Each structure stands twice: as C-alpha cells, then as structure tokens.
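Contents: one structure, followed by commentary.
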Amino acid sequence: MFASCADPKSLEGLAWLMCYLASGKHLLFYLSFGTVLLLLAITAPVALLFGFGGAMASRSRIAPIRWFGRIYTSMVRGVPDIIFFLFVPIALDQAFEWLRSRIYCDPTVPVRHGNEFIVCSAAKLPLSTSPEWVHQAYGIFLAVIAFAVVFGAFAANVLYGAMNAVPRAQLETAEAYGMSPGQVNRRILIPQMWTYALPGLANLWMILIKATPLLFVLGVEDIVYWARELGAAKTRVYAYPHPDWRLYYFLGILVFYLLMTWGSERIFDRIRARLSRGQATAAGEAMRKAAT
Amino acid sequence: MKNLMLAAAALALTAGMGLAQTVRIATEGAYPPYNLVNDQGEVDGFEVELGNELCKRAQLECTWVKNDWDSIIPNLNSSNYDAIMAGMSITEERRQSVAFSQNYIPPTASAYAAPAADVDVTQGVVAAQTSTIQAQYVAESGAELLEFATPDEAVGAVRNGEAEAVFADKDFLVPVVEESGGAIVWVTGKDDIPLGEGIGMALRKSDTELREKFDAAISSMKEDGSLNEMIKKWFGDEAVLF
C-alpha cells in the first residue's frame with residue numbers, strides 16, 4: 001500500500017507491523033466489520049417487522065391467520081438456531097433456482113441428477129458471469145432472511161406478550177369513546193406496548209449481535225473468517241511470515257463485541273427512560289415521584 | 001431513433017449470450033503453497049497460477065471462489081461452482097461423488113512431523129485435516145485421530161501438545177518444519193509415505209464436457225513441460241515431476 005512497504009522482508013519492528021496491518025488482506029478484515037454492522041442494520045428492522053406481523057397474526061380474530069402466527073412463533077423458537085441457519089439458505093437457494101429453472105430452462109429436465117443439483121446456466125442465481133461481489137451480496141441476503149426468520153419469531157413472542165400487557169382498562173376507555181378495533185390498535189395498543197416490549201427486544205438485540213459470527217458458518221467472509229485466516233501461522237510463502245497469532249485476533253473481536261453490547265446497553269437505557277415517562281408502570285411511577 | 005434504440009438494446013442482449021460461460025473454480029485458500037490467500041487478500045498459489053493457465057489454454061473464462069474444505073464437495077454438487085482445485089488427492093472414495101480430471105501433481109509423499117523424531121506414530125494422538133486421505137490413513141494406522149478444519153490448526157495442535165504428531169502432505173509441511181527452528185522435526189522413517197493417485201481437479205460427474213476441456217489443457221501442459229516448471233517454481237527443485 002505504501003511505498004515503504006514494497007519489500008516487507010527488509011522491514012523490522014514497528015515499521016514491519018505498520019505495513020503488516022495496512023496490507024490488502026487487513027483492509028478486507030477491517031471492511032468485514034462493516035459487513036457485520038450492515039447485517040445488523042438490515043436484520044434488526046426486518047426481524048422486527050417479521051415479529052410485528054407474527055404478533056398481529058397471533059392476535060388475529062381469523063382462525064387460520066392466528067394458527068399461522070402461533071405455529072410460526074412456536075416452531076421457529078423450538079428449533080436450534082444453527083439448524084435454521086444451515087437449512088434456510090440452502091433451501092431458499094435451491095427453491096429460487098428451481099423456480100427459475102422452470103421458467104428459463106426446459107421444464108422437463110429434472111434438477112436433481114443423483115446427488116447433483118443442476119439448473120441450466122440461465123437459471124443460476126446469481127449468474128455465474130456475475131462479479132464476485134454479487135455472489136457475496138447474495139450470500140448476505142440469504143443470511144439476512146435466515147436471521148430475520150429466527151429473530152422475528154422471538155420478537156413476535158415478545159411483542160405478543162407486550163400487547164397483552166397493556167392494561168385492559170386503557171383499551172376499554174378507547175372503545176367507550178367509540179373507536180373502531182383498528183383505531184384502538186393504532187392509537188392506544190401499539191404506542192403503549194413498546195414500554196413492555198423494550199426489555200425483551202433489548203435482550204433480543206444483544207443475542208442478535210452475539211449471533212452474527214454465524215455468518216461464518218454460512219460461508220460469508222465476516223470478521224471471524226478473516227481473524228482465523230490472518231491469525232493462522234504464516235510460512236515464508238507469504239510476504240509477512242509470523243507464528244500462530246489467532247489469539248490476538250480473536251481477542252480483538254472479543255473487544256469489538258464487548259464495545260458493541262456496552263454501547264447498546266447505554267442506548268437502551270435512554271430509550272427505556274424516554275418510554276417510561278407517564279406510563280402506569282413501576283418505572284413510570286418512580287419517574288413521577290422523582291420529579292415531584 | 002426508436003428503431004435505433006431497439007436495435008442497440010437487442011444487440012446488448014444478444015452480445016451477452018455469445019460470451020462463454022464463466023467457469024467458477026473453488027479453492028480452500030488455506031493450504032500453502034497449493035492455494036492461499038496472499039497479503040493483498042487475493043487467492044494465490046500453485047493451483048491458482050495453474051488454473052488460470054489451464055483456463056487460458058482451454059479458452060474458458062474463470063473466476064475463483066473460496067470455500068471451506070469440509071463443504072467443498074457438497075457445494076460442487078449443488079452447483080455453487082463448477083470445479084475444485086484445492087490440493088485434492090484423487091481417491092476411490094471421492095470418485096463415488098465427483099469426477100476427477102487427470103492428475104496435475106504426481107502422487108506425492110505425505111509425512112509425519114512431531115516435536116521429537118522418535119515419536120511412535122502408530123500409537124497416541126495424531127492430528128490431520130478432516131476428510132483428507134491423511135486422516136483416513138491415521139485412522140487405519142492404530143493411532144488416535146484428531147481432526148481439524150484447516151491444516152494450520154492441525155499443526156497448531158502439535159505445537160501446543162494436544163497431539164503428538166501431525167500427518168499432512170509433505171509439501172505443506174516442509175516450510176513449517178524448516179521454520180520451526182527445531183521445535184517440529186520429521187519423524188524418523190515416517191517422512192516419505194506415498195498416498196493417493198496424485199492431485200487432480202474435481203468436477204461434477206455430469207460435466208463431461210468441461211472435464212474433457214481441462215484434461216486436454218493439462219495434457220498440453222504436461223507435454224510442453226510447463227507444468228513441471230510450475231511445480232518446480234512453487235514446490236522447489238526436489239519436487240516430484242511428471
């Protein structure tokens with residue numbers, strides 16, 4: 001990267017370390033932190049949306065929708081996460097390719113040949129001519145769906161509980177004012193449930209942060225992949241030979257995750273205080289007493 | 001004007017069809033000098049240089065894909081990529097699930113390395129990479145097999161005393177032993193064990209067309225001696241040649 005790094009063999013001490021840490025491979029490692037943050041930034045709202053849908057479905061007055069909501073939450077919560085993360089991307093990928101193969105290829109040709117899964121090249125997803133970043137993005141997309149399905153089920157359960165925790169008297173008052181069920185939901189139930197949902201959702205967010213290394217299992221080149229790759233002992237084949245340094249790289253990742261969860265705690269504390277204001281909960285009552 | 005735009009659009013669409021399909025080749029990227037991720041973060045190594053040359057000779061457009069070793073064959077069969085070049089020895093067992101090109105590295109030696117030269121490798125704990133011919137050999141040798149996802153972790157197990165010896169391709173172990181400063185040495189009499197039928201390219205069984213193209217390209221490189229030169233460049237002068 002820098003001119004002084006052109007010949008790493010001649011460098012020593014701090015200069016060597018600086019060049020080592022600025023190598024192209026390390027830049028990819030630093031970028032992979034962005035991958036993790038991007039995954040969190042996309043997954044959290046999508047999972048919340050899934051959760052909201054699941055919770056609303058579980059409360060629905062129409063029986064099949066209610067069953068769907070209940071089955072979704074209880075089934076996904078009952079399966080180990082890692083099974084889901086291994087299953088969903090493969091199943092989705094093959095489902096997409098199968099569907100495309102029915103449209104773009106000769107539909108009479110089966111996709112399975114013995115233990116091989118083959119679709120014609122026009123149906124491949126992504127196309128084999130696509131650049132590598134498309135393949136990477138597609139991998140992350142499948143991962144986001146897997147994460148959203150799993151965490152959506154947990155969020156649905158949290159939100160379902162929170163909706164039931166809103167005092168019945170509040171809803172009754174709204175009904176007495178002549179609001180329709182939809183209006184009661186929108187104006188009374190949903191604004192008030194957040195204070196009950198927040199502890200559960202904060203918990204889920206922490207678990208989501210800690211679950212991001214599962215990306216590595218899905219073959220996405222995340223921070224765990226690069227830490228293991230960079231930390232592995234390097235022989236003279238490489239420009240920067242060094243012994244087994246995985247310990248230091250994993251320590252770095254550990255600090256990153258601790259900072260992430262520590263920062264999240266602080267933010268959640270502020271949101272919690274904001275939402276408790278004026279609420280008929282113990283936290284709201286404590287705030288009221290402190291103010292007077 | 002409208003016709004012109006239509007014609008341009010049609011041309012742009014059909015132009016893509018005329019191009020050859022890109023062949024995606026998977027490698028592990030953790031098995032120097034066969035394949036590795038260099039300091040620029042790109043795949044590199046003997047197999048990458050060889051693969052690029054083979055593609056040039058077969059007039060194919062190729063790209064490289066990194067994939068973990070233990071899922072490298074299943075992902076080939078589910079068409080995530082079209083070929084594997086990852087230091088994979090040709091064995092009867094693997095022929096059950098994939099097809100191999102002719103070998104591009106002749107049958108080479110595997111070796112035991114340990115902290116002491118007099119370790120009895122038919123007893124005790126021996127480390128090897130999972131799903132390799134070396135792992136199978138250890139399992140049949142009477143020693144207790146300790147498997148690792150990457151060869152580097154297998155070497156690490158010997159360094160921290162978890163295993164008494166490591167069994168791997170000799171070409172992979174040579175730099176490890178030489179640079180260990182005597183901490184890891186060859187096990188006497190166990191440093192030259194021929195295994196397998198050489199290393200080849202793995203392809204889907206149904207993909208005969210692609211296999212023939214690569215077979216022809218490998219043959220042409222064997223004939224004009226360029227393959228031997230490439231082997232010498234990456235594995236040193238003592239390497240086994242064709």
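The listed protein sequences correspond, in order, to chains A and B.
Quick note on numbering: the first sequence equals residues 1 to 292 in full-length UniProt numbering.
Quick note on numbering: the second sequence equals residues 1 to 242 in full-length UniProt numbering.
For every residue, glycine included, the Cβ atom is placed at its ideal position computed from N, Cα and C.
Remember, it's a predicted structure, so these values are computed and weren't measured experimentally.
Kindly give me the distance between the Cβ atoms of residue i and residue j, rounded to whole angstroms, as I take these residues to be in contact under 8 Å.
| i | j | result |
| --- | --- | --- |
| A/Y240 | A/P45 | Wrong, their Cβ atoms sit about 40 Å apart, outside the cutoff. |
| residue 249 of chain B | B/T150 | The question about residue 249 of chain B has no answer here: the residues shown for chain B are numbered 1 through 242. |
| A/T235 | B/E212 | The pair is not a contact, with the Cβ atoms about 36 Å apart (cut-off 8 Å). |
| A/L92 | A/F151 | That belief does not hold up - the Cβ atoms of A/L92 and A/F151 are roughly 16 Å apart, past 8 Å. |
| B/A183 | B/P115 | 7 Å |
| B/T22 | A/T129 | 5 Å |
| A/I145 | A/V88 | 6 Å |
| B/A139 | B/L145 | 5 Å |
Do residue j and residue i count as a contact pair if the criterion is CB distance below 8 Å?
| i | j | result |
| --- | --- | --- |
| A/Y104 | A/C120 | yes |
| A/F50 | A/V149 | yes |
| B/A168 | B/A128 | yes |
| B/M221 | B/I84 | no |
| B/V125 | B/E153 | no |
| B/I25 | B/G45 | no |
| A/E175 | A/S32 | no |
| A/L218 | A/A155 | no |
| A/A55 | A/I65 | no |
| A/A162 | A/Y196 | yes |
| A/G284 | A/R277 | yes |
| A/L208 | A/L28 | no |
| A/F198 | A/R272 | Going by the sequence as given, residue 198 of chain A is Leu instead of Phe. Yes, these two residues count as a Cβ contact at 8 Å. |
| B/G196 | B/P107 | yes |
| A/A233 | A/I253 | no |
| B/I218 | B/Q96 | no |
With a 10 Å radius around its C-beta and 16 neighbouring C-beta atoms as the bar for buried, classify residue i as buried or exposed.
| i | result |
| --- | --- |
| A/T292 | exposed |
| A/H14 | Per the sequence shown, residue 14 of chain A should be read as Leu rather than His. Result: exposed. |
| A/V158 | buried |
| B/Q134 | buried |
| B/R204 | buried |
| B/S89 | buried |
| A/H135 | buried |
| A/E132 | exposed |
| B/Q40 | exposed |
| A/L191 | Checking the sequence, you will find Pro at residue 191 of chain A rather than Leu. Exposed, since its Cβ has fewer than 16 Cβ neighbours within 10 Å. |
| B/P175 | buried |
| B/N160 | exposed |
| B/G122 | Strictly speaking, residue 122 of chain B in this sequence is Thr, with Gly absent from that position. With fewer than 16 other Cβ atoms within 10 Å, it is exposed. |
| A/Y249 | buried |
| A/G114 | exposed |
| A/T173 | exposed |
Express the C-alpha separation of residue j and residue i in angstroms, rounding to a whole number.
| i | j | result |
| --- | --- | --- |
| B/L54 | B/F100 | 15 Å |
| A/F147 | A/L258 | 21 Å |
| B/G75 | B/E162 | A small fix is needed here, since residue 75 of chain B is Asn in this sequence, not Gly. Rounded to the nearest angstrom, the two C-alpha atoms are 31 Å apart. |
| A/Y177 | A/D81 | 45 Å |
| A/G200 | B/G29 | 41 Å |
| B/T27 | B/V98 | 15 Å |
| B/R94 | B/G198 | 13 Å |
| B/V185 | A/T212 | 40 Å |
| B/V65 | B/Y81 | 8 Å |
| B/T188 | B/K232 | 26 Å |
| A/E97 | A/L125 | 6 Å |
| A/P243 | B/K170 | 19 Å |
| A/L251 | A/K210 | 15 Å |
| B/D215 | A/V76 | 48 Å |
| A/N185 | B/L36 | 58 Å |
| B/S131 | A/S101 | 33 Å |
| B/C62 | B/D207 | 16 Å |
| B/V166 | B/V158 | 6 Å |
| B/P194 | A/F256 | 46 Å |
| B/D120 | A/M206 | 49 Å |
| A/I140 | A/R61 | 36 Å |
| B/S78 | A/V109 | 16 Å |
| A/G231 | A/W245 | 4 Å |
| A/Y72 | A/G53 | 11 Å |
| A/W262 | A/L99 | 44 Å |
| B/P33 | A/V237 | 7 Å |
| A/P181 | A/D269 | 32 Å |
| B/Y137 | A/L11 | 42 Å |
| B/A239 | B/F148 | 26 Å |
| A/I223 | A/K25 | 12 Å |
| B/V43 | A/E229 | 12 Å |
Return no unless some Cβ of chain D is closer than 8 Å to the Cβ of residue i.
| i | result |
| --- | --- |
| A/D7 | Absence of chain D from the displayed structure is noted, the protein chains being A and B. |
Item to check | Contact the region 110-123 of chain B vs the region 220-227 of chain B: 3+ CB pairs below 8 Å | outcome: no
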